[in-house]
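Chemist: First the structure, which I've put down as structure tokens, then a few questions once you've had a look.
Residue numbers (our numbering), protein chains in the order written: chain D, 206 to 314; chain X, 11 to 559.
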């Protein structure tokens, strides 16, 4: 990659937007996952009986739906990321590449 | 029997993509239906290997199946790598024994995946070619970084392989009634055949087929259990609480994760360790682009999460339908073959001899698929990182590199067979935990910072990564599992079972310190090269593309 290409891409507003928004989105989702997981595991470390509380009159405890919910949350978060990254972000990325090629072609003339 | 459980208590990480069955096991009578189904599987996979061999012509084919695997296929294969025999039998066995605690581990193994997707997958795909060392050494010095990465890869893979080979020998002894050595040699030879001739393409398809079989079998078992209880979880749990020796304790956390330091350390080991496993990272180079790489994690997370829910149901089903049936118990009232056999016995309880044979064959297939992936990752580190890029400084023709990787595969297979036999009677419970600790403390920090941190230099990566590696090894040796359980000392020097919190911190701090204090001209050039690397990692411009077949 030449310095010229680097400068072109770095100054492209779409590239800046792509990097900014995708990073923000990725970190946001990562933090959600980390908070959910560590809240769960630290609850177990500090107060395991909380998850052992029975729901209603049955034997099923709060921990069961909470645990299953975390599995679903993990799956849903990946789905959210893939949808936006493969749609919106990839479109931006394609634009950046196309614009780069146009600019380089123009300069080559 | 008690030894069979050492692993479950001592080393949850072992449950993951690998693990082992500990202690002496009794050889069982030959199980004909299992052997017939297993032979069908072997025949089919050798057929695939033959097909794949004809399509494996270049190094790219060999290492990455030509980059032509789809996101869905790769997701299945990743899930296959994760759903090892130890994971299937170990987690369902843990649920059988402890109830809710099994779910806690499953969740720990799963939550690393979203993070791999958000932070690692697409950058890895955009920057790498065959191994994660390609990415780590992208703008750093090839020789030291690749040597470190290859060393981390080979250590991780070898520890895993030993655990896997020993576990497979014992499992096959129980399931098929074959002698231990025969089982280990058989696994070794088949895996050498798959990998040497079929490369990544055969390895991937073996993994996909096995994942499909395992998911189908587990689904059938879970449905059979639920049907027994009118599809009511409350009815299943109520009956389990009634018959389980600890009664309602199985419905709440049972103290396997007791203090906050262990909890956080375990979490870090599982997340960062997963993101530092060479055979998992290598899977991201088998797809054509970042888009497919992302899709593969989405599918993998779905399959793995679904699988863990199934194992939870299977474990509870076994409490009710296996533990209450004297047919599956020995004279002392314990499960024949140990608690890890809960799922196997349940397959007989819900589907008779035929289904027992099916599940046994699937368990064997699972071992074969996982060891093949491990061997390929290890062989790639030897041929691509050490031979082609360190020893020959990148001046090597492709056919020669591929020959070396095939030789490395055969060598790794033979070494795995010997180690598998040598370690038959050893306590290997620490091995997968150590593999995880090394992956989390040496492979992951270097890989992650190389992609995210501009100021990383070769000096920082090499010193920090080595410090992380050394700390992980040292703390595992001084910890309760090796120092007390294996070496027989009264008290552990290092009190925690999971060193990751400390060793990962050492690695990150070491890399940071020795990078920012690196004022060499080379270090400056490496910082400047980040810009170009970052653009490629963000957009895929210049990335390794797919090759059509």
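Glycine is no exception: its CB is placed at the ideal position from the N, C-alpha and C atoms.
None of the values given here were measured: they were computed from a predicted structure.
Residues of chain X with CB under 8 Å from residue 234(D), in chain order?
Modeler: To locate residue 234(D), count along the first chain from 1; it is residue 29. Those within 8 Å of residue 234(D) in chain X are 124, 128.
Chemist: Over what stretch of residues does the alpha helix (DSSP H) that includes residue 522(X) continue unbroken?
Modeler: Residue 522(X) sits at position 512 when you count from the first residue of the second chain. Looking at the DSSP string, the run of the alpha helix (DSSP H) that includes residue 522(X) is 510-526.
Chemist: Just checking: is the beta-carbon of residue 304(X) within a distance shorter than 8 Å of some beta-carbon in chain D?
Modeler: Stepping through the second chain from its first residue, residue 304(X) is reached at position 294. Cβ-Cβ to chain D under 8 Å: yes for residue 304(X).
Chemist: Enumerate in chain order the residues of its own chain whose CB-to-CB distance from residue 494(X) is below 8 Å, with the five nearest sequence positions on each side excluded.
Modeler: Here residue 494(X) refers to the residue found at position 484 when the second chain is read from its first residue. Here the set comprises 500, 501, 502.
Chemist: Compare the beta carbon distance of residue 242(D) and residue 283(X) with 8 Å and say whether it is the shorter of the two.
Modeler: Position 37 of the first chain, counted from the start, is the residue given in the question as residue 242(D). Position 273 of the second chain, counted from the start, is the residue given in the question as residue 283(X). No, these two residues do not count as a Cβ contact at 8 Å.
Chemist: By the DSSP assignment, the alpha helix (DSSP H) with residue 246(D) in it spans what residues?
Modeler: Position 41 of the first chain holds residue 246(D). Start and end: 218-251.
Chemist: With a Cβ-Cβ cutoff of 8 Å, do residue 264(D) and residue 258(D) count as a contact?
Modeler: Position 59 of the first chain holds residue 264(D). Position 53 of the first chain holds residue 258(D). No, the pair does not count as a contact, with Cβ atoms beyond the cut-off.
Chemist: Sort 312(D), 291(D), 231(D), 247(D) by Cα distance to residue 128(X) and report the nearest one.
Modeler: By 1-based counting over the second chain, the position of residue 128(X) is 118. Selected option, being the one with the closest Cα: 231(D).
Chemist: Who are the neighbours of residue 302(D) on chain X, taking C-beta pairs under 9 Å?
Modeler: Within the first chain, numbered from 1, the residue matching residue 302(D) stands at position 97. In chain order: 549, 550, 551.
Chemist: State the DSSP-derived secondary structure class of residue 267(X), mapped to helix, strand or coil.
Modeler: As a working mapping, residue 267(X) is identified with position 257 in the second chain. Correct three-state label for residue 267(X): coil.
Chemist: Quick one: give me the first and last residue of the alpha helix (DSSP H) that residue 126(X) is part of.
Modeler: For the purposes of this step, residue 126(X) is taken as the residue at position 116 of the second chain. From DSSP, residue 126(X) is part of no alpha helix (DSSP H); its letter is neither H nor E.
Chemist: In terms of residue numbering, what span does the alpha helix (DSSP H) encompassing residue 355(X) cover?
Modeler: Indexing the second chain from 1 puts residue 355(X) at position 345. Looking at the DSSP string, the run of the alpha helix (DSSP H) that includes residue 355(X) is 352-390.
Chemist: Name the two residues that bound the continuous alpha helix (DSSP H) containing residue 311(D).
Modeler: Residue mapping note: residue 311(D) aligns to position 106 of the first chain, counting from 1. Per DSSP, residue 311(D) belongs to the alpha helix (DSSP H) from 295-313.
Chemist: With a threshold of 7 Å on Cβ separation, who are the neighbours of residue 59(X) within its own chain once the five nearest residues in sequence on each side are excluded?
Modeler: Taking the second chain and counting its residues from 1, one reaches residue 59(X) at position 49. Closer than 7 Å at Cβ, skipping near neighbours: 203, 204, 207, 208, 212.
Chemist: Compare the C-beta of residue 461(X) against all C-beta atoms of chain D and say whether one is closer than 8 Å.
Modeler: Locating residue 461(X) in the second chain gives position 451, counting from the first residue. No, residue 461(X) does not count as interfacial toward chain D.
Chemist: Listed in chain order, which residues of the stretch 260-279 of chain X have Cβ atoms closer than 9 Å to some Cβ of chain D?
Modeler: Cβ contacts with chain D come from 261, 262, 263, 264, 265, 266, 267, 268, 269, 270, 271, 272, 273, 274, 276, 277.
Chemist: Can you tell me which of the three DSSP states residue 259(D) falls into?
Modeler: Counting from 1 along the first chain, the entry for residue 259(D) is found at position 54. Note: residue 259(D) maps to strand in three-state DSSP.
Chemist: Output the distance between the C-alpha atoms of residue 254(D) and residue 263(X), rounded to the nearest integer angstrom.
Modeler: For this step, residue 254(D) is matched to residue 49 along the first chain. For this step, residue 263(X) is matched to residue 253 along the second chain. Taking the straight line from one Cα to the other gives about 7 Å.
Chemist: Using 8 Å as the cut-off, can you tell me whether the stretch 322-332 of chain X makes contact with the stretch 232-243 of chain X, which would need three or more C-beta pairs spanning the two stretches below that distance?
Modeler: The stretch 322-332 of chain X is in contact with the stretch 232-243 of chain X.
Chemist: Considering only their Cβ atoms, is the gap separating residue 418(X) from residue 406(X) smaller than 8 Å?
Modeler: As a working note, residue 406(X) is residue 396 in the second chain. As a working note, residue 418(X) is residue 408 in the second chain. No, these two residues do not count as a Cβ contact at 8 Å.
Chemist: The alpha helix (DSSP H) that contains residue 405(X), what's its start and end?
Modeler: In the second chain, counting from the first residue as 1, residue 405(X) sits at position 395. From DSSP, residue 405(X) is part of no alpha helix (DSSP H); its letter is neither H nor E.
Chemist: Please identify, using Cβ separations under 8 Å, the residues of the stretch 93-119 of chain X that lie next to chain D, in order along the chain.
Modeler: Under the 8 Å Cβ criterion, the stretch 93-119 of chain X contributes 110, 113, 114, 116, 117, 118.
Chemist: When the Cα atoms are used, what is the spatial distance from residue 276(D) to residue 338(X)?
Modeler: Your numbering for residue 276(D) matches position 71 in the first chain. Your numbering for residue 338(X) matches position 328 in the second chain. Using only the alpha carbons, I get a separation of about 32 Å.
Chemist: Does the Cβ-Cβ distance between residue 240(D) and residue 282(D) come in under 8 Å?
Modeler: The residue labelled residue 240(D) in the question sits at position 35 within the first chain. The residue labelled residue 282(D) in the question sits at position 77 within the first chain. No, these two residues do not count as a Cβ contact at 8 Å.
Chemist: Can you list, in chain order, the residues of its chain with a C-beta nearer than 7 Å to that of residue 258(X)? Leave out the 5 residues immediately preceding and following it.
Modeler: Here residue 258(X) is taken as the residue at index 248 of the second chain, counted from 1. Only 251 meet the Cβ criterion.
Chemist: Which word fits residue 256(X), buried or exposed, when buried means at least 16 other C-beta atoms lie within 10 angstroms of its C-beta?
Modeler: Within the second chain, residue 256(X) is the residue found at index 246, counting from 1. It counts as exposed.
Chemist: Does DSSP put residue 216(X) in a helix, in a strand, or in coil?
Modeler: Looking up residue 216(X) in the second chain gives position 206. The answer is helix: DSSP assigns residue 216(X) an H, G or I state.
Chemist: For the alpha helix (DSSP H) holding residue 163(X), just list the boundary residues, first then last.
Modeler: Translated into positions along the second chain, residue 163(X) becomes position 153. Here the alpha helix (DSSP H) through residue 163(X) covers 152-186.
Chemist: Distance check for residue 254(X) and residue 334(X), CA to CA, integer angstroms please.
Modeler: Locating residue 334(X) in the second chain gives position 324, counting from the first residue. Locating residue 254(X) in the second chain gives position 244, counting from the first residue. Answer to the nearest angstrom: the Cα atoms are 9 Å apart.
Chemist: Checking 8 Å against the spacing of the C-beta atoms, do residue 447(X) and residue 279(X) come in under that value?
Modeler: Indexing the second chain from 1 puts residue 447(X) at position 437. Indexing the second chain from 1 puts residue 279(X) at position 269. Cβ atoms of residue 447(X) and residue 279(X): closer than 8 Å.
Chemist: Could you tell me the alpha carbon to alpha carbon distance between residue 386(X) and residue 366(X), rounded to whole angstroms?
Modeler: The count along the second chain starts at 1 and reaches residue 386(X) at position 376. The count along the second chain starts at 1 and reaches residue 366(X) at position 356. Cα-Cα distance, rounded: 31 Å.
Chemist: Chain X beta carbons: is any one of them nearer than 8 Å to that of residue 264(D)?
Modeler: What you label residue 264(D) is simply residue 59 of the first chain in a count that begins at 1. So, interface residue.
Chemist: Cα-Cα, which of 473(X), 89(X), 527(X), 105(X) is closest to residue 311(X)?
Modeler: Locating residue 311(X) in the second chain gives position 301, where the first residue counts as 1. Nearest option by C-alpha distance: 89(X).
Chemist: Going by DSSP, name the residue or residues bridged to residue 563(X).
Modeler: In this structure chain X extends from 11 to 559, so residue 563(X) is not present and cannot be described.
Chemist: Between residue 156(X) and chain D, is the shortest Cβ-Cβ distance under 8 Å, so that the two count as touching?
Modeler: The residue given as residue 156(X) occupies position 146 in the second chain. It does not; no Cβ of chain D falls within 8 Å.
Chemist: Could you please tell me which residues of the stretch 274-290 of chain D, in chain order, have their CB closer than 8 Å to any CB of chain X?
Modeler: Under the 8 Å Cβ criterion, the stretch 274-290 of chain D contributes 275, 276, 277, 279, 280, 282, 283, 284, 286, 287, 290.
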